[in-house]
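The structure appears below as structure tokens.
In the UniProt record's numbering, the protein residues as written are 1 to 286.
Quick look at the structure:
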């Protein structure tokens, strides 16, 4: 850390009187520090494995025109750390209505995503390449099922397997996009009940609808058809009928409940109510 501070001072990124404060990283891998200038955070230093640093830095550099993402200031020559903009606010809480922050997210970020080379493999950048998006979904479903356990009926899991197979029939028409890959409220920065930033990408090659439904399902509030359709109407470059949109949401919601049971059990009751609501919607639109 001493060497890092010295390097950043020489480069002019931080002042001679700056203080360094370690932050709790939450779900983030690596070590995260805030640089304080006159007692206020000015930027963030993140240490991680060089491969991860390179992957995230490339994503932030590729999308430097997206104002929702933090500006990348510096990347260590050995990729031990990078320095990026501090965005004032808090994650998770005081976020206002979902329709409002989904609108900002869609118009400020999702509509600016870029397509990937069609030959690029599906899946996590730097992770195990997937031969198809169906394979990615299948693995996500199995992981969710392990976490869900007996919380939901076994028939629900079987329906999700069928749903994944049905969604796979659209795959030949799917275009690959360079996605943030972890667009949940835990990575959304809110200030004065408004979305002001998105942090901690876990880059993914996938269909654009993935980041959209992941964001929509990432909190249990306002998980209703009105909010979904209003948000989806703003999304460019994705065309699908209401039935398929509902199917995409229901599949994502099942995987979200698996995550919720493991990491956010306090949200479970609301998610289970939402699950029954969306199962009804799925049946109504079949």
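Ideal placement from N, C-alpha and C gives every residue a C-beta, glycine not left out.
Coarse secondary structure for residue i, derived from DSSP in three states
i           : result
residue 77  : coil
residue 239 : coil
residue 21  : strand
residue 34  : strand
residue 15  : coil
residue 185 : helix
residue 58  : helix
residue 125 : coil
residue 93  : coil
Inter-residue spacing [alpha-carbon to alpha-carbon] between residue i and residue j
i           : j           : result
residue 128 : residue 136 : 10 Å
residue 57  : residue 32  : 15 Å
residue 13  : residue 228 : 42 Å
residue 269 : residue 149 : 16 Å
residue 87  : residue 94  : 15 Å
residue 120 : residue 83  : 28 Å
residue 225 : residue 71  : 34 Å
residue 109 : residue 261 : 29 Å
residue 163 : residue 234 : 25 Å
Presumed contact (8 Å Cβ cut-off) between residue i and residue j, rounded CB distance
i           : j           : result
residue 45  : residue 4   : 7 Å
residue 203 : residue 179 : 7 Å
Under 9 Å between C-beta atoms of residue i and residue j
i           : j           : result
residue 220 : residue 271 : yes
residue 167 : residue 157 : no
residue 59  : residue 106 : no
residue 216 : residue 160 : no
residue 257 : residue 285 : no
residue 237 : residue 276 : no
residue 98  : residue 223 : yes
Beta-bridge pairing of residue i - partner residues as DSSP gives them
i           : result
residue 85  : 43
residue 283 : DSSP lists no partner for residue 283.
residue 177 : 115 and 206
residue 250 : According to DSSP, residue 250 bridges with nothing at all.
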